[in-house]
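The sequence shown begins at 1 in UniProt numbering and counts up by one. Note that the Cβ used here is the ideal one computed from N, Cα and C, for glycine as well.
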Amino acid sequence: MGKRRLLTGIITGAAVGGIVSLFDKQTRDYTTEKLHTVKENSSYWIQHPSEAVHNVRTTLDKFSESFPDNASNVLSALESAEKQLEKVSGNRNGEVKQLEELDQ
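1. Starting from residue 48 and walking both ways along the alpha helix (DSSP H), at which residues does that stretch end?
2. Since residue 28 and residue 22 are thought to touch, with beta carbons under 8 Å apart, how far apart are those beta carbons, to the nearest angstrom?
3. Helix, strand or coil: how does DSSP classify residue 22 here?
4. Report the rounded CA-to-CA distance for residue 64 versus residue 37, giving the unit in angstroms.
And the structure:
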C-alpha cells in the first residue's frame, strides 16, 4: 500500500509541477516547439519503420562492440585502485604498529 501511495505521489507531483511551469510564457513556447519537433520525428519514423529498426539495431551493435572494451577498462581501473588502497592501508597498519611499539 505504501508503494502505491509513493508512486501516486510522484506522478501527481510531476503533473502539478509540469502544469505550474507552463505559467511561464518562455516555457510554453519551448514546450510547443519541442512537441512540434517530436510530432515531426514520430511521423517520419511511423512512415519509415524499417529505417527506425535499422538505426536501433546499428546503435545496439555499436554499443555491444564497445561494451566489452569499456568493461575491461573499468575492471582494470578498479583493480588498480584496489591495489593502491591495499598499499595505503598496509602502510597505515605498519605505521600504527610502529606507534604502538613506541608507546610501550
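For this structure:
1. Note, residue 48: premise wrong, no alpha helix (DSSP H); not H, not E.
2. 5 Å
3. DSSP places residue 22 in the coil class of the three-state scheme, outside both helix and strand.
4. 29 Å
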